[in-house]
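Going down the list, the sequences are from chains A and B. 134 is the number that full-length UniProt numbering gives to position 134 of the first sequence; each next residue is one higher, with no gaps. 73 is the number that full-length UniProt numbering gives to position 73 of the second sequence; each next residue is one higher, with no gaps. We put the CB at the ideal spot given by N, CA and C, even for glycine.
Protein chains: 2
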Amino acid sequence: MDGFDISIARSTLPQVAAERLRTLIIEGALAPGARLNERELSEQLGVSRTPLREAFRMLAADGLLVQLPNRGAQVVALSREDVRHAFEVMASLEGLAGELAAARVTDADLDDLKALQGDLERAHKRRDLPGYYRVNRAIHDRLNQIAGNPVLAQTYRTLNARLHALRFRSNLNGAKWDRAVAEHRSMLGALAARDGAALRDLLVRHLHAKLQAVLETMGQDKE
Amino acid sequence: MDGFDISIARSTLPQVAAERLRTLIIEGALAPGARLNERELSEQLGVSRTPLREAFRMLAADGLLVQLPNRGAQVVALSREDVRHAFEVMASLEGLAGELAAARVTDADLDDLKALQGDLERAHKRRDLPGYYRVNRAIHDRLNQIAGNPVLAQTYRTLNARLHALRFRSNLNGAKWDRAVAEHRSMLGALAARDGAALRDLLVRHLHAKLQAVLETMGQDKE
DNA sequence: ATCTTGCATTTTGTATACAACATGCCAAAG
DNA sequence: CTTTGGCATGTTGTATACAAAATGCAAGAT
Chain A
1 MDGFDISIAR
11 STLPQVAAER
21 LRTLIIEGAL
31 APGARLNERE
41 LSEQLGVSRT
51 PLREAFRMLA
61 ADGLLVQLPN
71 RGAQVVALSR
81 EDVRHAFEVM
91 ASLEGLAGEL
101 AAARVTDADL
111 DDLKALQGDL
121 ERAHKRRDLP
131 GYYRVNRAIH
141 DRLNQIAGNP
151 VLAQTYRTLN
161 ARLHALRFRS
171 NLNGAKWDRA
181 VAEHRSMLGA
191 LAARDGAALR
201 DLLVRHLHAK
211 LQAVLETMGQ
221 DKE
Chain B
1 MDGFDISIAR
11 STLPQVAAER
21 LRTLIIEGAL
31 APGARLNERE
41 LSEQLGVSRT
51 PLREAFRMLA
61 ADGLLVQLPN
71 RGAQVVALSR
81 EDVRHAFEVM
91 ASLEGLAGEL
101 AAARVTDADL
111 DDLKALQGDL
121 ERAHKRRDLP
131 GYYRVNRAIH
141 DRLNQIAGNP
151 VLAQTYRTLN
161 ARLHALRFRS
171 NLNGAKWDRA
181 VAEHRSMLGA
191 LAARDGAALR
201 DLLVRHLHAK
211 LQAVLETMGQ
221 DKE
């Protein structure tokens with residue numbers, strides 16, 4: 001966290017391609033279950049098949065694609081069970097982040113988080129869902145940063161990225177949204193009190209509520 | 001868990017290469033920090049550079065290699081901090097596995113685990129360290145299987161694989177080993193009582209003890 | 001003597017040709 | 001009419017050639 005990174009970000013071609021594909025998947029341009037034709041895609045992206053294949057491998061590692069031998073890559077189609085399992089793990093990790101953060105949080109950190117909580121409530125008040133999600137994410141990132149465990153942050157990020165293939169925005173109806181904001185307030189209180197166990201419980205329950213919301217948006221899909 | 005998979009395992013060349021490299025890394029033939037020359041390695045393994053590169057990507061995804069742009073791949077060199085962070089996350093995941101398992105365990109499962117516990121104690125009694133580790137791993141796998149969350153199992157496996165690059169076997173002196181076996185007995189008790197919270201605590205502490213042992217074997221290495 | 005600068009060599013990155021495999025169709029047999 | 005075998009076509013897997021980048025060394029300048 002100390003020192004500055006002045007190196008210019010040199011992204012390799014596979015990385016750029018992977019990022020591009022990731023966006024296409026998250027935005028839904030590439031639907032879950034869709035098969036990705038290498039030649040076709042490589043022409044569209046303007047790269048040859050080799051770097052594209054490396055991009056496939058990266059995305060497969062993140063769980064956004066599955067690769068079948070001799071049958072290429074396709075966008076993952078997560079079942080409700082998959083989502084449930086992923087959330088179960090993410091809740092546990094988020095709880096750990098809370099515990100760690102409670103043990104290490106400084107007053108300066110708390111001030112930052114209080115400011116973010118303010119942003120969150122304002123976004124809520126004006127029903128600005130995109131803004132709400134942005135702040136929400138910022139709070140989460142900050143918490144993870146305070147927790148100070150890069151492996152934890154990385155693991156969480158990977159799991160989360162996988163779920164984004166679903167792109168469940170929307171679906172925060174009034175009651176649920178109000179409750180979520182209130183939960184955030186409780187969480188901030190537990191953190192200020194340095195009560196790791198309480199924060200952990202709150203986070204786990206918070207994630208559980210989120211899971212329910214996501215499952216509802218998924219509706220009665222397959223499996 | 002129902003039904004049999006009769007499909008013959010068709011491993012692709014990159015998979016085979018990755019598996020081979022994984023073994024070389026774990027066994028220490030490829031030391032941490034070592035740079036992997038593509039041409040050289042591809043000749044030694046008898047594959048061309050393309051599948052080898054895909055193998056690199058897979059291992060990098062598992063965290064066994066790091067890939068630097070235009071500078072190839074090298075075996076990760078984990079710092080003590082890295083190990084600490086990884087164990088922190090693994091302990092949390094293992095705890096979750098315990099909680100879930102306690103909620104779903106059947107009497108038949110318990111019988112299996114009791115048998116394994118017997119194996120463990122026998123291996124301990126005759127100071128059979130490799131055997132002990134094997135049974136230890138079997139118990140862990142069984143627990144994860146009972147927990148019934150593939151995402152959890154997968155995440156744990158990945159983290160664990162990364163640590164194996166260190167190949168810390170050995171280093172279980174008398175006292176620690178005795179204590180580990182006793183802990184296993186307690187864990188089995190908590191599972192039999194379906195006490196998820198207790199099992200969770202035991203597992204987290206168990207992993208914490210393991211971390212200490214690992215850190216000792218790492219000695220006063222760099223960073 | 002040390003530091004820079006350019007060149008030679010090595011190594012990685014990308015494109016592409018060719019081989020292996022999968023898939024769908026059609027015809028022929030039951 | 002259904003099923004099976006073979007073939008044609010398309011798609012992925014692998015090898016290799018070429019391009020771009022990095023590294024090490026040596027010669028010259030300060």
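DSSP-derived helix/strand/coil call for residue i
i	result
residue 196 of chain A	helix
residue 52 of chain A	helix
residue 36 of chain B	strand
residue 104 of chain A	helix
residue 186 of chain A	helix
residue 152 of chain B	helix
residue 96 of chain B	helix
residue 158 of chain B	helix
residue 128 of chain A	coil
residue 222 of chain A	Any reading at residue 222 of chain A needs caution, since the residue's pLDDT is 43, under 50, leaving its predicted position unreliable; the model's value is listed next. In this structure, residue 222 of chain A counts as coil in the three-state DSSP scheme.
residue 79 of chain A	coil
residue 42 of chain B	helix
residue 62 of chain A	coil
residue 202 of chain A	helix
residue 226 of chain B	Because residue 226 of chain B is not part of the residues shown, which for chain B are 1 to 223, the question remains open.
residue 181 of chain B	helix
residue 173 of chain A	coil
residue 12 of chain A	coil
residue 216 of chain B	helix
residue 165 of chain B	coil
residue 47 of chain A	coil
Alpha carbon of residue i to alpha carbon of residue j, nearest angstrom
i	j	result
residue 190 of chain A	residue 166 of chain A	32 Å
residue 147 of chain A	residue 45 of chain B	42 Å
residue 205 of chain B	residue 97 of chain B	14 Å
residue 17 of chain A	residue 14 of chain B	21 Å
residue 32 of chain A	residue 75 of chain A	5 Å
residue 66 of chain A	residue 77 of chain A	9 Å
residue 134 of chain B	residue 185 of chain B	17 Å
residue 202 of chain A	residue 188 of chain A	10 Å
residue 107 of chain B	residue 123 of chain B	24 Å
residue 103 of chain A	residue 82 of chain B	19 Å
residue 95 of chain A	residue 57 of chain B	31 Å
residue 23 of chain A	residue 212 of chain A	25 Å
residue 181 of chain A	residue 115 of chain A	14 Å
residue 111 of chain B	residue 149 of chain B	21 Å
residue 85 of chain B	residue 175 of chain A	38 Å
residue 50 of chain A	residue 118 of chain A	48 Å
residue 55 of chain B	residue 193 of chain B	45 Å
residue 20 of chain A	residue 173 of chain B	52 Å
residue 132 of chain A	residue 145 of chain A	20 Å
residue 39 of chain B	residue 162 of chain B	25 Å
residue 223 of chain B	residue 79 of chain B	Caution is warranted here: a pLDDT of 41 is assigned to residue 223 of chain B, below 50, making its placement in the model unreliable, and the coordinate value is therefore given only provisionally. In a straight line, the C-alpha of residue 223 of chain B is about 6 Å away from that of residue 79 of chain B.
residue 70 of chain A	residue 200 of chain B	42 Å
residue 197 of chain B	residue 196 of chain A	16 Å
Bridge-paired residues (DSSP) for residue i
i	result
residue 72 of chain A	A/68
8 Å Cβ cut-off: residues of chain B touching residue i
i	result
residue 57 of chain A	54, 57, 58, 61
Within chain B, the residues that residue i reaches when beta carbons sit closer than 7 Å
i	result
residue 150 of chain A	85
residue 12 of chain A	69
Chain-ordered neighbours of residue i on chain A, where CB pairs are closer than 8 Å
i	result
residue 155 of chain B	89, 155, 159
Could you run through the stretch 82 to 98 of chain A and flag, in chain order, every residue whose CB is less than 8 Å away from some CB of chain B?
Answer set for the stretch 82 to 98 of chain A: 82, 85, 86, 88, 89, 92, 93, 95, 96.
Could you list the residues in the stretch 65 to 79 of chain A with a C-beta less than 7 Å from some C-beta on chain B, going in chain order?
69: these are the residues of the stretch 65 to 79 of chain A whose beta carbon lies less than 7 Å from some beta carbon of chain B, given in chain order.
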